[in-house]
Amino acid sequence: MLLRLNIKNFAILENIELDFHNGLTVISGESGAGKSMIIEAINYLYGKRASHDDIRYNTEGSMIEGVFDFPETPRLSDLLERFNIDQDELYIVRREIMQNKKSIIKINNRMITLSQLRTIMDEVVSIFAQSSQQDALDKGQHILYLDKFLDIQNEVIFDSYQKDYNDYLAITQKIEDLEYRDRNRIESLELYQHQYQEIDALELKDNEESELEEELEYLMNFEKVFDSMRFIKDILSSERSPQGTLYDLNQQLESLSQYNSEFKEYGPTIMDSYFIIQELESHITSSIASMDYDEQRLNDIQTRLNSINFLKRKYNKTYEELILYLDELDGNIQELENISHSFEKLNSEKEALLGNMEQNAKALHNFRNERKHFLESRIQKELMDLEMSQVDFEIRIGQGKFHQLGYSDIQFMISTNRGEPLKEMNKVASGGEMSRVMLAIKSIFTEYDQQSLLILDEIDTGVSGGVATKMAEKMKILSRGRQVLVISHLPQAAAISDRHLYITKESDNGRTITTTEYLTDEDHIYEIARMLSGQDVTEAALLNARSLIKTNTTVD
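Per the UniProt record's numbering, the sequence shown starts with residue 1, numbered consecutively.
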């Protein structure tokens with residue numbers, strides 16, 4: 001549910017702050033006043049891709065912010081946890097679209113991606129616009145409607161089919177990759193074998209490079225190392241050696257401690273230092289004795305490291321990556337040498353999957369065929385409620401190629417006049433008829449949706465009279481237990497609404513500014529009268545408006 005909407009510098013909307021409530025809110029106003037831009041702003045919070053064209057002229061950027069009370073559903077809770085968004089009582093969704101900066105998307109001050117926003121808001125908002133009539137006309141959407149109504153995704157066979165289908169796609173891709181490699185097999189095999197032999201000839205060992213570099217550093221600085229050791233040896237063996245000094249110091253402290261115990265604690269530390277220096281002297285002496293400069297060893301190390309570095313540059317890899325690449329080359333060689341066996345294995349797996357898919361797709365196909373009449377009856381009833389009493393509706397199910405949902409090929413067919421043959425909806429329905437078909441479909445599937453906000457953007461285009469009244473009643477019914485925002489030109493919809501938001505535009509210093517207000521009872525009557533009669537609101541129109549409001553209060 002949307003509780004508050006703040007919009008700054010968005011198209012002709014300079015600074016809009018709106019509070020929303022549960023139930024049915026109708027938005028009306030003059031053409032071009034900015035009604036659709038308010039819905040467009042909500043569309044941005046829903047996950048629409050940003051466009052600089054929507055930024056108000058001569059401003060740095062737009063800001064759209066909505067305060068939502070999200071529905072408590074397991075799916076939404078899982079999404080919030082997955083995207084590291086803390087669950088809270090309210091959620092602030094914010095979009096910033098800047099002229100010269102990257103757009104910003106946040107939920108409760110946490111940055112998220114556009115894809116993450118769309119995934120979350122799909123669970124919160126459902127937007128049904130006149131432009132989305134294409135969903136109802138799009139044959140590809142029809143199977144989704146039917147499956148949602150039949151709750152087919154919770155059937156075991158559906159999960160089994162989906163797994164097999166995804167595995168089938170993966171194996172098909174592997175076979176295609178293998179076929180490509182087979183076409184270039186000889187050339188690839190020769191290349192892999194050459195690379196393998198070149199790297200393998202070096203007999204690379206773990207950590208060898210770092211050990212060689214350390215030894216090289218030592219040999220190249222042999223003279224410095226020797227001089228340093230000799231200098232340390234001279235100090236330790238001199239007449240005033242550190243160990244002799246420490247020994248004498250300890251003797252004096254022991255004597256002093258007999259008269260002042262405060263100095264007793266220093267003795268052990270001094271003796272520790274004495275023994276450490278003695279150990280150092282022994283190690284230095286043995287190291288000097290064993291030191292031997294080997295120029296041949298230096299040359300061998302340099303030659304070895306040069307060979308290693310040549311291959312590192314050639315293959316653009318680190319020492320460790322070269323070792324791993326050797327294993328990879330070995331695997332590629334084995335695969336190409338045994339490519340026939342790989343083909344047989346993959347094709348065998350593919351045939352097994354096709355058998356499983358055929359079985360499960362047939363079961364899904366039968367499941368849909370046996371139960372489609374439930375949705376047909378519901379849509380037929382909803383359309384009749386909307387004054388389409390002559391309508392015939394049928395879900396035609398054929399068999400096509402395998403796809404993500406089976407092999408069922410589904411098409412919604414309709415005849416709007418009794419006795420006329422059934423045809424595809426986009427070849428039959430007029431604008432007004434399509435509006436009613438859309439509303440009928442939405443009326444059914446709202447029962448299955450858990451979104452707390454439904455937006456209907458001018459879906460009542462092309463209807464009037466009794467049909468308009470029926471559509472308004474459907475909108476009212478849809479608002480039971482949820483928030484419904486409707487942009488409508490129908491006085492019947494305004495009359496039946498819980499709240500009436502009026503949009504106007506005016507000029508200020510040469511700029512167009514949109515203003516909004518919730519109408520009082522009297523203003524509500526006046527606006528309905530205007531919607532009934534046009535700009536000239538007469539007493540008769542006001543009387544008709546009051547009558548219309550009174551008539552529609554019987555619909556709950």
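In this text, a Cβ means the ideal position worked out from N, Cα and C, and glycines have one as well. From a predicted model like this one, the values you see are computed outputs, not experimental measurements.
Inter-residue spacing [alpha-carbon to alpha-carbon] between residue i and residue j
i: residue 76; j: residue 338; result: 48 Å
i: residue 160; j: residue 140; result: 22 Å
i: residue 528; j: residue 491; result: 5 Å
i: residue 291; j: residue 252; result: 39 Å
i: residue 168; j: residue 377; result: 36 Å
i: residue 69; j: residue 455; result: 16 Å
i: residue 29; j: residue 502; result: 5 Å
i: residue 516; j: residue 427; result: 40 Å
i: residue 301; j: residue 314; result: 20 Å
i: residue 172; j: residue 184; result: 19 Å
i: residue 275; j: residue 284; result: 14 Å
i: residue 354; j: residue 142; result: 25 Å
i: residue 364; j: residue 370; result: 10 Å
i: residue 357; j: residue 166; result: 10 Å
i: residue 15; j: residue 5; result: 11 Å
i: residue 331; j: residue 422; result: 59 Å
i: residue 342; j: residue 121; result: 45 Å
i: residue 281; j: residue 195; result: 51 Å
i: residue 176; j: residue 389; result: 54 Å
i: residue 346; j: residue 181; result: 15 Å
i: residue 249; j: residue 223; result: 35 Å
i: residue 119; j: residue 42; result: 15 Å
i: residue 264; j: residue 256; result: 8 Å
i: residue 36; j: residue 530; result: 20 Å
i: residue 52; j: residue 453; result: 27 Å
For residue j and residue i, believed in contact at Cβ under 8 Å, the rounded distance
i: residue 95; j: residue 64; result: 5 Å
i: residue 386; j: residue 436; result: 4 Å
i: residue 410; j: residue 391; result: Residue 410 to residue 391, Cβ: 19 Å. No contact.
i: residue 107; j: residue 91; result: 6 Å
Reduced DSSP secondary structure (H/G/I, E/B, other) of residue i
i: residue 25; result: strand
i: residue 415; result: strand
i: residue 70; result: coil
i: residue 445; result: helix
i: residue 95; result: strand
i: residue 481; result: coil
i: residue 83; result: coil
i: residue 78; result: helix
i: residue 403; result: strand
i: residue 511; result: strand
i: residue 460; result: coil
i: residue 520; result: coil
i: residue 104; result: strand
i: residue 62; result: strand
i: residue 395; result: strand
Residue i, enclosing beta strand (DSSP E) - first and last residue
i: residue 237; result: Element bounds for residue 237: n/a, residue is neither H nor E.
i: residue 14; result: 13-19
i: residue 507; result: 499-508
i: residue 175; result: Premise fails: residue 175 lies in the alpha helix (DSSP H), 156-183, not in any beta strand (DSSP E).
i: residue 126; result: 125-129
Residue interval of the alpha helix (DSSP H) (run including residue i)
i: residue 363; result: 339-385
i: residue 6; result: Unbroken run through residue 6 is the beta strand (DSSP E), 2-10; no alpha helix (DSSP H).
i: residue 267; result: 266-290
i: residue 41; result: 35-46
i: residue 308; result: 295-315
i: residue 143; result: 139-150
Environment of residue i [buried if 16+ CB atoms lie within 10 Å]
i: residue 62; result: buried
i: residue 289; result: exposed
i: residue 469; result: buried
i: residue 164; result: buried
i: residue 156; result: exposed
i: residue 543; result: exposed
i: residue 145; result: buried
i: residue 186; result: exposed
i: residue 523; result: exposed
i: residue 540; result: exposed
i: residue 310; result: exposed
i: residue 535; result: exposed
i: residue 205; result: exposed
i: residue 474; result: buried
i: residue 47; result: buried
i: residue 403; result: exposed
i: residue 476; result: buried
i: residue 442; result: buried
i: residue 372; result: buried
Below-9 Å beta-carbon distance, residue i vs any chain B residue
i: residue 486; result: Of the chains in the structure shown, none is chain B; there is only one protein chain.
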